[in-house]
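Here's the structure we're looking at; comments come further down.
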Amino acid sequence: GAVVSQHPSWVICKSGTSVKIECRSLDFQATTMFWYRQFPKQSLMLMATSNEGSKATYEQGVEKDKFLINHASLTLSTLTVTSAHPEDSSFYICSARGGHDEQFFGPGTRLTVL
Amino acid sequence: SQQGEEDPQALSIQEGENATMNCSYKTSINNLQWYRQNSGRGLVHLILIRSNEREKHSGRLRVTLDTSKKSSSLLITASRAADTASYFCATERDSSYKLIFGSGTRLLVRP
Numbered sequence: 001g002a003v004v005s006q007h008p009s010w011v012i013c014k015s016g017t018s019v020k021i022e023c024r025s026l027d028f029q030a031t032t033m034f035w036y037r038q039f040p041k042q043s044l045m046l047m048a049t050s051n052e053g054s055k056a057t058y059e060q061g062v063e064k065d066k067f068l069i070n071h072a073s074l075t076l077s078t079l080t081v082t083s084a085h086p087e088d089s090s091f092y093i094c095s096a097r098g099g100h101d102e103q104f105f106g107p108g109t110r111l112t113v114l
Numbered sequence: 115s116q117q118g119e120e121d122p123q124a125l126s127i128q129e130g131e132n133a134t135m136n137c138s139y140k141t142s143i144n145n146l147q148w149y150r151q152n153s154g155r156g157l158v159h160l161i162l163i164r165s166n167e168r169e170k171h172s173g174r175l176r177v178t179l180d181t182s183k184k185s186s187s188l189l190i191t192a193s194r195a196a197d198t199a200s201y202f203c204a205t206e207r208d209s210s211y212k213l214i215f216g217s218g219t220r221l222l223v224r225p
């Protein structure tokens, strides 16, 4: 199957700093990428939909000014957590979709904000 | 928001036994997908069943879909210790391709 990578796999930062997470589709062009957040022992919650060349669409309750999404190319989407706080600590997972039904998920990025 | 619930929340079985997980959802769907997640890892796609399909098989996996009851089940036959993971159903409601995940079932297969 297709491969989606995320970088970094884990990051620890101080409160108030910004953190950028990259999501790349390695062997296919992803017209749409999705960003999810998962708290410990909970399910994945969709945060936003990222379409190449256009603004991201955010789910209700997700602050677009706090979670900046850029889908600059067909293989790369980035999520920037701005002014991170301890409550933003979570597992962030992206998925990418090409021209088929299936979405391919990245391995996730664990963010810890001190 | 989550689309629906899965039950049981946790399931512990002996290796070799079958494991059945159920998923209920709330709105009409295009398709329903099952994923597996090992602890602290990304998701692995297991199987997709479309709204006009009732049953699908893949290896030791069998998925059923009942759109009248808005429910699906995942059966893993002859379970192995390596099947220990969390299992999530996810529904795709419309042409936006958004996936809405269920609450998940944590499966433990004892060797």
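Here the protein sequences come in this chain order: U and V. Going by my numbering, the first sequence opens with residue 1, and the numbers climb by one from there. Going by my numbering, the second sequence opens with residue 115, and the numbers climb by one from there. Idealized CB from N, CA, C, for every residue including glycine.
- Counting only the Cα atoms, ARG150 (chain V) lies some 14 Å from ARG176 (chain V).
- In summary, the residues of the segment 195-211 of chain V whose CB is separated from some CB of chain U by less than 9 Å are SER200, PHE202, ALA204, GLU206, SER210 and TYR211, in the order they occur in the chain.
- A straight line joining the alpha-carbon of SER200 (chain V) with that of ASP65 (chain U) spans about 32 Å.
- The bridge partners DSSP lists for PHE91 (chain U) are U:GLN38 and U:ARG110.
- Around the beta carbon of ARG168 (chain V), fewer than 16 other beta carbons lie within 10 angstroms, which makes this residue exposed.
- With contacts defined as CB atoms closer than 8 Å, ARG194 (chain V) and GLU129 (chain V) qualify as a contacting pair.
- The C-beta of SER126 (chain V) comes no closer than 8 Å to any C-beta of chain U.
- For TYR149 (chain V), the enclosing beta strand (DSSP E) starts and ends at 145-151.
- When 7 Å is used as the limit between beta carbons, ILE214 (chain V) is near these residues of chain U: LEU46, in chain order.
- Between HIS159 (chain V) and GLU59 (chain U), the C-beta spacing is not below 8 Å.
- Boundaries of the beta strand (DSSP E) around ASN136 (chain V): 133-138.
- Listed along chain U are GLU102, each with a C-beta nearer than 7 Å to that of HIS159 (chain V).
- Under the three-state reduction of DSSP output, ALA48 (chain U) falls in the strand class.
- The residue from V:ASN132, V:ILE127, V:VAL223 and V:ALA204 with its alpha-carbon nearest to that of ARG174 (chain V) is V:ASN132.
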